[in-house]
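Quick note, the sequences are listed as chains R and Z, same order.
Its first residue numbered 72, the first sequence is counted upward by one per residue in the numbering used here.
Its first residue numbered 439, the second sequence is counted upward by one per residue in the numbering used here.
All remarks here apply to the structure that follows.
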Amino acid sequence: MPSTAFDTAATTQAAPSGAVGGAAFVPGVDRDMGPNRAPRLTKRAPFLYFAHPERWQILDGDILPLLGKLKLQPGVMGVQRGRAPGAVNLRLARVACEERGRTIIPVDSVPPAHVAPGEAPSYLRTIDSTSGPVVLSRYAQAFAGSAATKCNEVEWAEFLRHQINVGVVDPAPTWVLERMRDSRAKSLERMESNQSTNRAKRERLQAEVDVLDAMIAERMEVAAPVVGTSAMPSVEG
Amino acid sequence: MTQILYSNLTDQITSEVLTGEFLLALADRSALPNHPALIQLPDVNGGGSVALKTPQIGLMGYDKMSSTGEVATSSTTALTDASALVTVSRYSKRYEASDLARVVDAHGVLNAQMMAMDAVATYSATLRDLIANLVDNFSTTVGTSGVDGSIEDILDIVATLEIAAVEGPYLGIVHPRQWHDAVKDAALNSGGAVQFSASGQAMLEAMKGLGYKGSLLGVDWFTTLDVPDINGSADRAGGVFGRGALAWAQGPIIADPDLPQVNIGPVLLEKDRVATAATTGFLMHVNLGAGEQIDAAGVTWVSDA
Numbered sequence: 072m073p074s075t076a077f078d079t080a081a082t083t084q085a086a087p088s089g090a091v092g093g094a095a096f097v098p099g100v101d102r103d104m105g106p107n108r109a110p111r112l113t114k115r116a117p118f119l120y121f122a123h124p125e126r127w128q129i130l131d132g133d134i135l136p137l138l139g140k141l142k143l144q145p146g147v148m149g150v151q152r153g154r155a156p157g158a159v160n161l162r163l164a165r166v167a168c169e170e171r172g173r174t175i176i177p178v179d180s181v182p183p184a185h186v187a188p189g190e191a192p193s194y195l196r197t198i199d200s201t202s203g204p205v206v207l208s209r210y211a212q213a214f215a216g217s218a219a220t221k222c223n224e225v226e227w228a229e230f231l232r233h234q235i236n237v238g239v240v241d242p243a244p245t246w247v248l249e250r251m252r253d254s255r256a257k258s259l260e261r262m263e264s265n266q267s268t269n270r271a272k273r274e275r276l277q278a279e280v281d282v283l284d285a286m287i288a289e290r291m292e293v294a295a296p297v298v299g300t301s302a303m304p305s306v307e308g
Numbered sequence: 439m440t441q442i443l444y445s446n447l448t449d450q451i452t453s454e455v456l457t458g459e460f461l462l463a464l465a466d467r468s469a470l471p472n473h474p475a476l477i478q479l480p481d482v483n484g485g486g487s488v489a490l491k492t493p494q495i496g497l498m499g500y501d502k503m504s505s506t507g508e509v510a511t512s513s514t515t516a517l518t519d520a521s522a523l524v525t526v527s528r529y530s531k532r533y534e535a536s537d538l539a540r541v542v543d544a545h546g547v548l549n550a551q552m553m554a555m556d557a558v559a560t561y562s563a564t565l566r567d568l569i570a571n572l573v574d575n576f577s578t579t580v581g582t583s584g585v586d587g588s589i590e591d592i593l594d595i596v597a598t599l600e601i602a603a604v605e606g607p608y609l610g611i612v613h614p615r616q617w618h619d620a621v622k623d624a625a626l627n628s629g630g631a632v633q634f635s636a637s638g639q640a641m642l643e644a645m646k647g648l649g650y651k652g653s654l655l656g657v658d659w660f661t662t663l664d665v666p667d668i669n670g671s672a673d674r675a676g677g678v679f680g681r682g683a684l685a686w687a688q689g690p691i692i693a694d695p696d697l698p699q700v701n702i703g704p705v706l707l708e709k710d711r712v713a714t715a716a717t718t719g720f721l722m723h724v725n726l727g728a729g730e731q732i733d734a735a736g737v738t739w740v741s742d743a
């Protein structure tokens, strides 16, 4: 059991030489107010990540999927209650995902380096909070006594990159990259014509345009556009 | 010393007394507006399934006519269709108080009247949660991870929806962080066209607190904490959509007059007495479900959490 703020072991052990020490007295407390107190997270349903060919973002200098979440909550998006207690039935939800072009990421598709020895690979993690066990992404960090969560951005980017590397998610289509590049380039143009002083945003946009330009140029070398046949409309007069 | 001090009256005072007032613990208690962009499907009662299928049909101007020769035979036109499902599931909540707890209840909260009021609020909160958990999944996204939401994002969203032929009025269900990033942008960065417009001013002066915030740039805005995070909690993902994007349905349970039950709207509230344990339970049940319909009728707005 972890020691609490009320742990008196230190004082009993410090008794003068020769004095009877006795066992440490640790009072039981209803709520741990020490550094090991539980995070104050609200309960939420577990989920499976999914990718979509049109949902992409630039993170860590790379073009990575912007994953959505299929909440494993009966009543949401076709998820039904399963036969076993606590289980969910995804039969209809999987169909709904496929119809929309979404690829569900298997829950164990995690970079091996992110999993501790002996731990079952999963991108979900259960954390004990004041409202009971709460399921979070492995990459969301919770803190003692706090309702705030924070992303482990380095590992999150590695996780997203892993999905492409192992073939769970196909790389972004070139036309999506071009659309992303155009929207960022237009934002940059607008900032310049408005003489915006937001230098940080301008630099970020420029860096993203550079990443996209490089990726598009790389694609163009290997993928030439489809060449059709000449079309001759029937015209009179 | 013979002075009578408060600190000496230990046998005549108590450490705390109840004020007779109570405060509600902080929570999101907003209820979604009855907005035309949200579709309520018919109840599942008597339908033979918990899954409701709604067809999407390409009529009423979906296909245009083709220019055809004077005596040429018209070619046939395929009727475009698709469908989407909403499945309904059971949602319940149970409070159970001992007789002793109810006897000493100084605030009158452990009784049927308070539980009935709680049932109404709980139903609204549950429905709001179901719908808010759909807006992060639209295929079309606007905004950037790690960057605050902005007026430019909102303009992009409205343009995207209009280009996708989505009919207004639009409803935005967003996290208060996203809304206030946009408010800040309107106040500090955006040009006069937005900053000094009537709706821009209304946005800045909007009633604080979760829920309906008013209209801005053609969107009716609603904030709730139920909007999911995205990117491992780094960002928030609200959504803006028109009619056709999302639908919900329910299956009200009709109260049995032979039992201690009552319908509070679609919620069944019932009393459960355990005589052997001297406890009284209050249970509320409802069947609810929500689902995406036409994916392109909504846009997910990604911005820094």
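We put the CB at the ideal spot given by N, CA and C, even for glycine.
| Query | Result |
| --- | --- |
| Rounded Cβ spacing between Z:W739 and Z:V621 (contact assumed at less than 8 Å) | The pair is not a contact, with the Cβ atoms about 14 Å apart (cut-off 8 Å). |
| Cβ distance (whole Å) where R:A122 is taken to contact R:P136 below 8 Å | 4 Å |
| Where Z:S741 falls: helix, strand or coil (DSSP) | strand |
| Per-residue contacts from R:K142 into chain Z (C-beta, under 7 Å) | N571 |
| Listed by chain order, chain R residues near Z:E590 by CB distance under 9 Å | S258, R261 |
| Cβ shell of Z:T806 (< 8 Å), same chain only, five flanking positions each side left out | With chain Z covering 439 to 743 only, the question about residue 806 of chain Z has no answer from this structure. |
| Beta-carbon proximity check, Z:T714 vs Z:D466, cutoff 8 Å | no |
| First through last residue of the alpha helix (DSSP H) which encompasses R:M262 | 245–264 |
| Residue nearest to Z:A535 in terms of C-alpha spacing, selected from Z:L548, Z:T448, Z:P607, Z:S588 | Z:L548 |
| Rounded Cβ spacing between Z:Y608 and Z:F679 (contact assumed at less than 8 Å) | 7 Å |
| Stretch-stretch touch, CB-based, cutoff 8 Å, three pairs: the stretch 163–173 of chain R with the stretch 136–148 of chain R | yes |
| Contact under 8 Å by Cβ, Z:G729 with Z:G676 | no |
| Near-chain Z residues of the stretch 139–171 of chain R - C-beta to any C-beta below 9 Å | G139, K140, L141, K142, Q144, P145, G146, V147, M148, G149, V150, Q151, R152, L163, A164, V166, A167, E170, R171 |
| Z:G638 (DSSP reduced to helix, strand or coil) | helix |
| Cβ separation of R:M352 and R:L259, assumed to be a contact under 8 Å, to the nearest whole Å | No answer is possible for residue 352 of chain R: the residues shown for chain R start at 72 and end at 308. |
| Z:G736: contacting residues in chain R (beta-carbon distance under 7 Å) | Correct list: empty, because the minimum Cβ distance to chain R is about 12 Å. |
| Separation of Z:G507 from R:S305, as counted between CA atoms | 13 Å |
| Residues near R:A109 in its chain [Cβ-Cβ closer than 7 Å; skip 5 each side] | D199, S200, T201 |
| DSSP-derived helix/strand/coil call for R:N236 | helix |
| DSSP state of Z:R528 mapped onto helix, strand, coil | strand |
| Beta carbon proximity, Z:E508 to chain R, threshold 8 Å | no |
| Cβ-Cβ distance between Z:L568 and R:V147 below 8 Å | yes |
| Length of the line joining the Cα atoms of Z:G652 and R:G299 | 51 Å |
| Bridge-paired residues (DSSP) for R:P204 | R:D199 |
| Opening and closing residue of the beta strand (DSSP E) in which Z:S653 lies | 649–654 |
| Any C-beta of chain Z under 8 Å from that of R:S208 | yes |
| Contacts around R:P124, its chain only, beta-carbon distance under 8 Å, and the 5 residues preceding and following it disregarded | G172, D241, A243, P244, V247 |
| Z:S428 (DSSP reduced to helix, strand or coil) | As shown, chain Z starts at 439 and ends at 743. That puts residue 428 of chain Z outside it, with no answer to give. |
| Reduced DSSP secondary structure (H/G/I, E/B, other) of Z:V632 | helix |
| Given R:V206 as reference, the closest of Z:Q450, Z:R674, Z:G670, Z:L726 once Cα atoms are compared | Z:G670 |
| Z:L523 burial status per 10 Å Cβ neighbour count (16 or more: buried) | buried |
| Closer than 8 Å to chain R by CB, Z:P698 | no |
| For Z:K709: DSSP bridge partner residues | Z:F720 |
| R:F230 in three-state terms, based on DSSP | helix |
| Touch test, the stretch 689–700 of chain Z against the stretch 220–233 of chain R, Cβ-Cβ under 8 Å, three pairs minimum | no |
| For R:G105 and R:A76, the rounded distance between their alpha carbons | Because the pLDDT of R:A76 is 42, which lies under 50, any placement of that residue in the model is unreliable, and the question is left without a value. |
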